[in-house]
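Protein sequences, first through last, are from chains A and B. For the first sequence, our numbering gives the first residue as 291, with consecutive numbering after it. For the second sequence, our numbering gives the first residue as 42, with consecutive numbering after it. For each residue, glycine too, the CB sits at the ideal point set by N, CA and C. Only a predicted model underlies this, so the values are computations on that prediction, with no experimental measurement involved. Take a look at the structure set out below.
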Amino acid sequence: MDHTSFLERWFRRAALSIIIVFFMFPIFWIVLMSFQTNETILRSPPSMSFTPTLDNYMAIIAGRLDSNVASMGIDFVNNLMNSIILSVCSVAVALILGVPAAYAFARHKFKGSEDIAFTLLSFRFAPPLLVLLPLTLYFQEIGLADTYLGLVWVYQLICLPLILWIVRGYFEDISPDIEYAYRIAGHSWFSTFRKIALPLAGPGIAAAGLLAFIFAWNNFIFALVLASADKQPVTVGALAFVTASGIQYGQIAAAIVLSIAPTLALALWAQRYLVEGLSLGAVKG
Amino acid sequence: MTAQLHLKTINKKYNPGTAHEVHAVQDLDLEVERGEIVALLGSSGCGKTSTLRMIAGFEEVSSGEVDIDGRRIDRLAPAKRGVAMAFEGYSLYPPLTIRENIAFALKSERLRQSEVNTRVEQIAALLEISDILDKHPNAISGGQQQRVSLGRALIRRADLHVLDEPMGQLEPQLRAILRGRIKHYIKEHELTAILVTHDQTEANALADRIAVMEGGLLQQYDTPENLKNRPANIFTGAFIGEPPMNLFAAVAEVVADRVDLRLAPDIALSYPSTAFSDELQQRIQQDQGVMIGIRPHSVQLTVEGLPAEVYANQWLGDQTHIAARFAGGSIVSVVHDLALPKPGDQINLSISAHDLHIFDNNTGEALSHGGQLA
């Protein structure tokens, strides 16, 4: 950095500021909206000055949506719980299935291994709606429609390929000789996987898990079609704010802030592992 | 006595049955006696590392059998083979300190902690890594990592020690010191070792026997002296020795009581026929032509002899390499003091019959060394 000129540094800062404003402004605006009433939000021209109110948050936590016409119950907290259950379970299942599979694809070149790995990736290419229509019929037939189990299963279409392909790359980056050295010292391949490969790929697994969690959390279409009201996550639950008497912008904003919070917290907590993951190259020596 | 390691006609094919098939190791037979140090020597891609990995269990044997101490091991998991290995890529475990990395090789031996500590300290002193024992692998240099990897293999009491390019990253002085120490350590503890190297000095210094490999085939398996004095074929002759052997195509003419080896229309090496055994004279007369090999150390500068014109003179600090145009080709002579000929000078060369290696021109097999049939 010592070699950069004043102008260059100035440009760098200006560019960074523009990027931050561009990406963060919608979030910032939503946070502001969540502390306003519908009236102040819809003022024209919009203004930054208002008396902050916690009414939107109160309404969401209490589960009562008050509009100027009527009052109706919503179950946003339940939606939030559903989101947490679905995302956590989906990522957990995907990690349990995907990490050993990723290890197998990284370390053992067997007949058709590339084809299987690619087939799993291709789940991500399929338009979800195309998959959903037949799936709805099957799920109703076998009783999986509107169950957490069924949803977690379908969420594997999102989580499994992601975890498989990211973690595979991390396993491939670990020199196989490190594992060989452990095995030749008298350990089985399973204890090598557990004691050597897993810890070394740990940051990568954390990163993949976090990404999968975010994708699962933000999923809309699967839950919309396959889940009824009591199993719906926040993404679908937010539709309830579009009411006959208008759109409750303040409460939507508060709901968004509340639904961003868990992923944001997770991302901030996982950040140090992500940084460690990037420095994994040091392993190669 | 049964061999400690016995490779029975092993083969390694990568991608068998496809267009990318590579026959990396072909019908390799090799025996290593207990307490012996054997080097697999060859250029990259000659199959030496594949062989090593098949012994250690990281590559499957395509066909053939590997026995260690009379026990067939080629279908066993690496952990059950009783093999200790030093890896070319060091492969130290990053979260552990150097001390832990070395000690961790002893885990399967279930020793007391004090015994482990003593052994680690000993091997660290041997390899000059005592001062870095409490550091982590990414805080030390490549040469140090390599010594740790070597220590991790040597500390074990395995049936076979396998060392893959064990000293490639070390500085020359350290390498020379450690060669002696490691050889002494292996002999003192009666270990059996097989090492892979492309450095013939290392192979000569460490090994009791050397297996020279090329193109997946074993070229010669013999003591360092025999590899130098009795190369089995043109490849080994040219591969072993520094600078490489001078090779010339020649036609043998047996006239009266002399044997002439004609290198060019006007140049022939001429010897009394008593210098060659009768069988050899018959043999080389049958052939249309032979290949003769002369070690640079055996090419003498004399007052009388065959004429050559110097085109390069290199003083290496303890010997001089003189390259000269000779018999339509080029010849290198090594002189053990500061030699004077300058480029352009005419010199005379003579080569004793005792120093001649004669090879079959077609098969490349050695016909004779020093006038006697090979």
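* Asked: Which whole-angstrom value describes the C-beta separation of A125(B) and H202(B), a residue pair presumed to lie in contact below a C-beta threshold of 8 Å?
  -> What you label residue 125(B) is simply residue 84 of the second sequence in a count that begins at 1. What you label residue 202(B) is simply residue 161 of the second sequence in a count that begins at 1. Between H202(B) and A125(B) the Cβ distance is about 5 Å, and since that is below 8 Å, they are a contact.
* To do: For chain A, find out if any of its Cβ atoms is closer than 8 Å to the Cβ of Y134(B); answer yes or no.
  => Here residue 134(B) refers to the residue found at position 93 of the second sequence. Yes, contact with chain A.
* Asked: Exposed or buried, which one is I453(A) when buried takes at least 16 other CB atoms within 10 Å?
  -> In the first sequence, counting from the first residue as 1, residue 453(A) sits at position 163. Burial call: buried.
* Asked: For the region 44-56 of chain B, which residues have a CB atom closer than 7 Å to at least one CB atom of chain A, in sequence order?
  -> none
* **Residue range of the alpha helix (DSSP H) that includes P316(A)** => Reading the first sequence from its first residue, position 26 is the one you call residue 316(A). Its alpha helix (DSSP H) spans residues 296-324.
* Based on Cα-Cα distance, which residue from E283(B), Q326(B), H338(B), A234(B) lies nearest to R303(B)? -> Here residue 303(B) corresponds to residue number 262 of the second sequence, with the count starting at 1. Measuring from the Cα of R303(B), the nearest candidate turns out to be Q326(B).
* Cβ neighbour criterion (16 or more within 10 Å) applied to D263(B) -> Walking along the second sequence from the start, residue 263(B) turns up at place 222. Buried: at least 16 other Cβ atoms inside 10 Å.
* In its own chain, which residues sit with a C-beta less than 6 Å from the C-beta of Y472(A), not counting the 5 before and 5 after it? -> Sequence index remark: in the first sequence, residue 472(A) carries index 182 (1-based). Same-chain partners within the cutoff: T482, I486.
* Asked: Alpha carbon to alpha carbon, what distance is there between I139(B) and D175(B)?
  -> The residue labelled residue 175(B) in the question sits at position 134 within the second sequence. The residue labelled residue 139(B) in the question sits at position 98 within the second sequence. Their Cα atoms are separated by approximately 6 Å.
* Using a cut-off of 8 Å between C-beta atoms, extract the partners of M126(B) located in chain A. => Taking the first residue of the second sequence as position 1, residue 126(B) is located at position 85. The contacting residues are Y470, A471, I474.
* **Rounded straight-line distance, which links the Cα of L434(A) to that of G402(A)** => Taking the first sequence and counting its residues from 1, the one referred to as residue 402(A) is at position 112. Taking the first sequence and counting its residues from 1, the one referred to as residue 434(A) is at position 144. Cα to Cα, the separation comes out at about 31 Å.
* To do: Please name the residue in D405(A), V457(A), A416(A), S377(A) whose C-alpha comes closest to that of Y445(A).
  => Position 155 of the first sequence, counting from 1, holds the residue named residue 445(A). If we check each option's Cα against that of Y445(A), S377(A) comes out closest.
* Report buried or exposed for G575(A), applying the criterion of at least 16 other Cβ atoms within 10 angstroms of its Cβ. => By one-based count along the first sequence, residue 575(A) stands at place 285. Any reading at G575(A) must be qualified, since the residue scores a pLDDT of 36, below 50, and its modelled position is unreliable; the value itself is stated next. Buried.
* **Cut-off 7 Å between Cβ atoms - residues of its own chain near I308(B), not counting five sequence neighbours on either side** => Here residue 308(B) is taken as the residue at index 267 of the second sequence, counted from 1. Cβ neighbours of I308(B) beyond the five flanking positions: L347, A368.
* Nearest-angstrom Cβ-Cβ length linking V321(A) and V547(A), presumed shorter than 8 Å -> The count along the first sequence starts at 1 and reaches residue 321(A) at position 31. The count along the first sequence starts at 1 and reaches residue 547(A) at position 257. So it is a contact: roughly 6 Å between Cβ atoms.
* Asked: On the three-state DSSP scale, how would you describe T377(A)?
  -> In the first sequence, the residue the question calls residue 377(A) occupies position 87. Looking at the sequence provided, one finds Ser at residue 377(A) rather than Thr. In this structure, S377(A) counts as helix in the three-state DSSP scheme.
* **For V524(A) and S373(A), the rounded distance between their alpha carbons** => Here residue 373(A) corresponds to residue number 83 of the first sequence, with the count starting at 1. Here residue 524(A) corresponds to residue number 234 of the first sequence, with the count starting at 1. Taking the straight line joining both Cα atoms gives about 6 Å.
* For P489(A), decide whether its Cβ has a neighbour in chain B, counting only Cβ atoms nearer than 8 Å. => Here residue 489(A) refers to the residue found at position 199 of the first sequence. Yes, P489(A) counts as interfacial toward chain B.
* Asked: Taking Cβ positions only, does G130(B) come closer than 8 Å to chain A?
  -> By 1-based counting over the second sequence, the position of residue 130(B) is 89. For G130(B), the answer is yes, since a Cβ of chain A falls inside 8 Å of its Cβ.
* Asked: How is G105(B) classed by DSSP in three states: helix, strand or coil?
  -> For the purposes of this step, residue 105(B) is identified with residue 64 of the second sequence, where counting begins at 1. It is a strand residue.
* Mark G571(A) as exposed unless 16 or more other C-beta atoms lie within 10 angstroms of its C-beta, in which case mark it buried. => Counted from its first residue, the first sequence places residue 571(A) at position 281. In this prediction, G571(A) scores a pLDDT of 45, lower than 50, which makes its location untrustworthy; the coordinate-derived value is nonetheless stated afterwards. Under this definition G571(A) is an exposed residue.
* To do: Identify which residue in Y226(B), T343(B), S104(B), M208(B) has its Cα closest to the Cα of Q241(B).
  => Sequence index remark: in the second sequence, residue 241(B) carries index 200 (1-based). Ranking Y226(B), T343(B), S104(B), M208(B) by Cα distance to Q241(B) puts M208(B) first.
* To do: Report back the beta-carbon spacing between I388(B) and V351(B) to the nearest angstrom; my notes put them in contact at under 8 Å.
  => As a position in the second sequence, residue 388(B) is number 347, starting the count at 1. As a position in the second sequence, residue 351(B) is number 310, starting the count at 1. Right, their Cβ atoms sit about 6 Å apart.
* For V442(A), I'd like the list of residues in its chain whose CB is within less than 8 Å of its CB, leaving aside the five on either flank, ordered along the chain. => As a first step, residue 442(A) is located in the first sequence; it is residue number 152 there, counting from the start. Excluding sequence neighbours, V442(A) sits near L376, C379, S380, V383.
* List the residues of chain A that K224(B) touches, going by C-beta distances under 8 Å, in chain order. => For this step, residue 224(B) is matched to residue 183 along the second sequence. Within chain A, no residue comes near K224(B); the closest Cβ sits about 22 Å away, beyond 8 Å.
* Asked: In its own chain, which residues sit with a C-beta less than 7 Å from the C-beta of P57(B), not counting the 5 before and 5 after it?
  -> Start at 1 with the first residue of the second sequence, and residue 57(B) comes out as number 16. So the list reads S103, once near-sequence residues are dropped.
* Taking the alpha-carbon positions, what's the T277(B) to H47(B) distance? -> The count along the second sequence starts at 1 and reaches residue 277(B) at position 236. The count along the second sequence starts at 1 and reaches residue 47(B) at position 6. Between T277(B) and H47(B), the C-alpha separation is close to 23 Å.
* Asked: Taking C-beta to C-beta, are Q45(B) and D115(B) nearer than 8 Å?
  -> For this step, residue 45(B) is matched to residue 4 along the second sequence. For this step, residue 115(B) is matched to residue 74 along the second sequence. No, the pair does not count as a contact, with Cβ atoms beyond the cut-off.
* Asked: Considering only residues of the same chain and omitting the five flanking positions on each side of I511(A), which have a CB-CB separation below 8 Å?
  -> By 1-based counting over the first sequence, the position of residue 511(A) is 221. Correct list, in chain order: P418, L419, L422.
* Local conformation of S311(B) per DSSP, three classes -> As a first step, residue 311(B) must be located in the second sequence, where it is residue number 270. In the structure shown, S311(B) sits in a strand (DSSP, three-state: E or B).
* To do: Using beta-carbon positions only, say whether G130(B) and S465(A) come within less than 8 Å of one another.
  => Residue numbering aside, residue 130(B) sits at position 89 when the second sequence is read from its first letter. Residue numbering aside, residue 465(A) sits at position 175 when the first sequence is read from its first letter. Yes, the Cβ-Cβ distance between G130(B) and S465(A) is below 8 Å.
* Asked: How is D396(B) classed by DSSP in three states: helix, strand or coil?
  -> Here the question's residue 396(B) lines up with position 355 in the second sequence. If DSSP states are grouped into helix, strand and coil, D396(B) belongs with the helices.
* To do: Using a cut-off of 7 Å between C-beta atoms, extract the partners of S465(A) located in chain B.
  => Residue numbering aside, residue 465(A) sits at position 175 when the first sequence is read from its first letter. Within 7 Å Cβ-Cβ: G130, S132.
* To do: Return the Cβ separation of Y460(A) and A491(A) in integer angstroms, given the expectation that the two are a contact with Cβ distance under 8 Å.
  => The count along the first sequence starts at 1 and reaches residue 460(A) at position 170. The count along the first sequence starts at 1 and reaches residue 491(A) at position 201. At roughly 4 Å, the Cβ-Cβ gap stays under 8 Å, so Y460(A) and A491(A) are in contact.
* Listed by chain order, chain A residues near S149(B) by CB distance under 9 Å -> Residue numbering aside, residue 149(B) sits at position 108 when the second sequence is read from its first letter. In chain order: A475, G476, H477.
* Return the CA-CA distance between R193(B) and I143(B), expressed in angstroms with no decimal places. => Here residue 193(B) is taken as the residue at index 152 of the second sequence, counted from 1. Here residue 143(B) is taken as the residue at index 102 of the second sequence, counted from 1. Each residue's Cα considered, the two are about 5 Å apart.
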